[in-house]
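A.B. asks: With my numbering applied, the sequence shown covers 323 to 490.
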Amino acid sequence: MSPLLKLARSASIVPIVVACIALFILMIMTFADVILRSVFNSPIEAATELTRILMAVLVFSVLPIISVQNGHIAVDLTDGLFNRFRLSRLRDGLLNVFCGAILYWPVQRVWILAERARDYGDVTEYLAIPVFYVGWFITLTVAVSAIAMIINGLILLFAPNLLAEPTQ
């Protein structure tokens, strides 16, 4: 396996760790909020905005991994036909390249919205966290997803043996 592919596989651990940390914080915060609300009638005021931010971090941090590993929900109505004619790899490669290319539009739109929020000085209600940071994070992860999908599609089309699982 090429060193670049090894680096990419080991770097893919980072977004998973970020998602795990966000999920753990969400879990602890929700538990504390329920206890404080039920026992002391004093909920965590900023729980809603922290939940929104952490959910965005959770979902978009794993988007590149899910995209490259084909973890999206898929309907396999035509798989038998593509398998019969041995066109599955061609289909998957072209779809990865196409989907990665059309992710340019969401990247561009979210970037514009994040910059608008930065220009307006938009912040969250309780903690005054600048909203554009979340927009930048979403932009970055969707852009990484797009690049990863295009590279994955090109590898599927031209060098599928690179994606084979390493043998021990």
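In this text, a Cβ means the ideal position worked out from N, Cα and C, and glycines have one as well.
Since the structure is predicted, the reported quantities are computational estimates derived from the model, not experimental observations.
Locate the alpha helix (DSSP H) running through Val-397, then write down its first and last residues.
C.D. replies: Taken as a continuous stretch (DSSP letters only), Val-397 belongs to no alpha helix (DSSP H), as it is neither H nor E.
A.B. asks: Grouping DSSP H, G and I as helix and E and B as strand, with all else coil, what is Val-445?
C.D. replies: Looking at Val-445 - three-state DSSP - the assignment turns out to be strand.
A.B. asks: Would you report the Cα separation of Arg-331 and Arg-359, rounded to the nearest angstrom?
C.D. replies: 43 Å
A.B. asks: Using alpha carbons as the reference points, say which of Ala-439, Ala-450, Asn-418 and Gly-402 lies closest to Ile-472.
C.D. replies: Asn-418
A.B. asks: What number of angstroms, rounded off, separates the C-alpha of Gly-443 from the C-alpha of Thr-370?
C.D. replies: C-alpha of Gly-443 to C-alpha of Thr-370: approximately 20 Å in a straight line.
A.B. asks: Counting only the same chain and skipping the five closest in sequence on each side, list residues whose C-beta sits under 7 Å from that of Thr-373.
C.D. replies: Leu-348
A.B. asks: Quick check on Phe-454: buried or exposed, where buried means 16 or more other Cβ atoms within 10 Å of its Cβ?
C.D. replies: Buried is the call here.
A.B. asks: Would Val-429 and Ala-378 qualify as a contact pair, given that the criterion is a beta-carbon distance under 8 Å?
C.D. replies: no
A.B. asks: Would Thr-400 be called buried (16 or more neighbouring beta carbons within 10 Å of its own) or exposed?
C.D. replies: Of the other Cβ atoms in all chains shown, fewer than 16 fall within 10 Å of the Cβ of Thr-400; this residue is therefore exposed.
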